[in-house]
Amino acid sequence: MHGEPNDSSRNNAIDRPEHDFPDDSRTTRTHAGESIADTRNWPGIILFGVGLALVALTLTAAGYGFAGWAVIGGIACALCLATGAVLVIAEHRRVKNQEGLGLSEPRGH
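Quick look at the structure:
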């Protein structure tokens, strides 16, 4: 019943280039998707996400009157957000330096 896909069903699938990164066939930007495709960015992105979750937890703790937990959550939140941002910026700077460009270079992003 589920025979092999024919050519028409293959054409309906999303066109995906044969190579993974960078996807030059669908973008003109030099670093489109760099933050996700470059796995060295993942620790920074994850820490930043944890920091955002800690904002919610800290506000919840403060709202219910748990001042001690709110202070601990606030400190952890600030550390995660700051460390995550520094890691992402440092990796982006490393990639730009490999190309001989500055962070404020108008080409790319």
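To convert, count from 1 in the sequence shown and add 650; that's the numbering used here. Glycine included, every Cβ here is placed at the ideal spot set by N, Cα and C.
If I measure Cβ to Cβ from residue 700 and keep anything under 7 Å in the same chain, skipping five residues before and after, which residues do I get?
By one-based count along the sequence shown, residue 700 stands at place 50. Excluding positions up to five away in sequence, the list reads 730.
Rounding to the nearest angstrom, what Cα-Cα distance links residue 667 and residue 707 in this structure?
Here residue 667 refers to the residue found at position 17 of the sequence shown. Here residue 707 refers to the residue found at position 57 of the sequence shown. Low confidence applies to residue 667: its pLDDT is 46, below 50, so where it sits in the model is not reliable enough to give any reading.
Nearest-angstrom Cα distance between residue 711 and residue 688?
For this step, residue 711 is matched to residue 61 along the sequence shown. For this step, residue 688 is matched to residue 38 along the sequence shown. Going by the C-alpha atoms only, they are around 35 Å apart.
DSSP state of residue 734, grouped into three classes?
By 1-based counting over the sequence shown, the position of residue 734 is 84. Note: residue 734 maps to helix in three-state DSSP.
My output table needs one value for residue 750: the three-state DSSP class, helix, strand or coil.
As a first step, residue 750 must be located in the sequence shown, where it is residue number 100. Reduced to three states, the DSSP call for residue 750 is coil.
Could you check what DSSP says for residue 716 in three-state terms: helix, strand or coil?
By 1-based counting over the sequence shown, the position of residue 716 is 66. Looking at residue 716 - three-state DSSP - the assignment turns out to be coil, as it is neither helix nor strand.
Do you know whose CA, among 694, 705, 739, 691, lies nearest residue 727's CA?
Numbered from 1 along the sequence shown, position 77 holds the residue referred to as residue 727. Nearest option by C-alpha distance: 705.
Taking all protein chains shown into account, decide if residue 691 is buried (16 or more other Cβ within 10 angstroms of its Cβ) or exposed.
The residue labelled residue 691 in the question sits at position 41 within the sequence shown. Buried, by the Cβ-count rule.
Would residue 695 and residue 750 be called neighbours here (beta carbons separated by less than 9 Å)?
In the sequence shown, the residue the question calls residue 695 occupies position 45. In the sequence shown, the residue the question calls residue 750 occupies position 100. No; because the gap between Cβ atoms is not below 9 Å, this pair is not in contact.
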